[in-house]
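The sequence shown begins at 428 in my numbering and counts up one residue at a time.
All remarks here apply to the structure that follows.
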Amino acid sequence: FTSDEEIGSGSSHELIKSLAKGTALALVLESGLVDGGLKTWRKGVGDFYVKVKGRAAHAGGAHEEGRNAIEEMAHQVLAIQEMTDYSKGTTLSVGVIKGGSVSNVVPDECSIEVDFRVLVPEEAGRVEQAMQALKPVTPDTTIEVSGGLNRPPMPKDDLMKATFARAQQIAAGVGLEIRAGGSGGGSDGNFVAPLGVPLLDGMGTYGEGLHSEREYIFSRSLPERAKLLAALIKEW
Numbered sequence: 428f429t430s431d432e433e434i435g436s437g438s439s440h441e442l443i444k445s446l447a448k449g450t451a452l453a454l455v456l457e458s459g460l461v462d463g464g465l466k467t468w469r470k471g472v473g474d475f476y477v478k479v480k481g482r483a484a485h486a487g488g489a490h491e492e493g494r495n496a497i498e499e500m501a502h503q504v505l506a507i508q509e510m511t512d513y514s515k516g517t518t519l520s521v522g523v524i525k526g527g528s529v530s531n532v533v534p535d536e537c538s539i540e541v542d543f544r545v546l547v548p549e550e551a552g553r554v555e556q557a558m559q560a561l562k563p564v565t566p567d568t569t570i571e572v573s574g575g576l577n578r579p580p581m582p583k584d585d586l587m588k589a590t591f592a593r594a595q596q597i598a599a600g601v602g603l604e605i606r607a608g609g610s611g612g613g614s615d616g617n618f619v620a621p622l623g624v625p626l627l628d629g630m631g632t633y634g635e636g637l638h639s640e641r642e643y644i645f646s647r648s649l650p651e652r653a654k655l656l657a658a659l660i661k662e663w
């Protein structure tokens, strides 16, 4: 059981990796896909935090003396969004922006939080380098960037394909059919995948409305998953 998975597994991921090394099979009981499919790939997940500092001034009496941090951040937001590459499964999304206090003061600070997801491992380095290379457009402003990748990608590589194929055979032996899929969200499986051990993610129950007030599971998934888990543990 992982107590901090929803907030990044900051205190547990090293323990998870140490326990997973050398195992015959790692099973991640994250929820399955809505059709019951397992997750054979996941995007890597990270966050960036960007802060711009400008110069405060009276918006009416000394407008030209100010350096608008929100205006500068607008340039940076557009530059960050351009780093998205759908062809490689890489996305950046500015989800939070904060700046200013009252409308008659040129704001001297602005900050944003950026969600960052990659499917191709090499893309993480490209984006992190591009984020650190951001330069101010507005004179006399500064930019500070922190953050990066929190969970590495879990690619559908040859090991994953072979692991899933064997799981399908075992499932068929107990009268179950399993499908493969993927997710843009991360799990503790992302930490296990780079270790080179067989891994099956999305082995938990499945339903709809995840992370909402209407979240529920399909009752049929309880005996299905229990049967699948028992078969995998016994036969692997």
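Beta carbons: idealized from backbone N, C-alpha and C, even for Gly.
Environment of residue i [buried if 16+ CB atoms lie within 10 Å]
i, result
"Ile660", "exposed"
"Val477", "buried"
"Lys466", "buried"
"His428", "What sits at residue 428 in the sequence shown is Phe, not His. Classification for Phe428: exposed."
"Ile434", "exposed"
"Gln503", "buried"
"Lys393", "Not covered by the structure: residue 393. The range shown for the chain is 428 to 663."
"Pro650", "exposed"
"Arg647", "exposed"
"Lys470", "buried"
"Pro666", "Here the chain comprises residues numbered 428 to 663, so residue 666 is not present and cannot be evaluated."
Bridge partner(s) assigned by DSSP for residue i
i, result
"Lys444", "For Lys444, which the question treats as bridged, DSSP gives no partner whatsoever."
"Val461", "Paired residues: none, contrary to the question."
"Gly634", "Ile644"
"Leu627", "Leu454"
Euclidean distance between Cα positions of residue i and residue j
i, j, result
"Lys448", "Glu441", "11 Å"
"Val479", "Glu492", "17 Å"
"His638", "Ala486", "42 Å"
"Pro566", "Pro579", "36 Å"
"Trp468", "His490", "52 Å"
"Leu446", "Phe618", "11 Å"
"Glu604", "Ala598", "6 Å"
"Ser430", "Arg494", "44 Å"
"Ala594", "Lys583", "15 Å"
Min CB distance residue i to chain C below 8 Å
i, result
"Asp542", "The structure shown contains no chain C; it is built from a single protein chain."
Three-state secondary structure (DSSP) of residue i
i, result
"Glu536", "strand"
**Study point:** Ranges of the alpha helix (DSSP H) found wholly within the segment 543-625, counting only runs of at least 4
**Key:** For the segment 543-625, whole alpha helix (DSSP H) runs of length 4 or above, ordered along the chain, are 548-559, 585-600, 616-619.
Point to revise | Segments of 3+ residues assigned as beta strand (DSSP E) that fall wholly inside the segment 453-536 | key: The qualifying runs are 453-455, 465-469, 471-480, 518-526.
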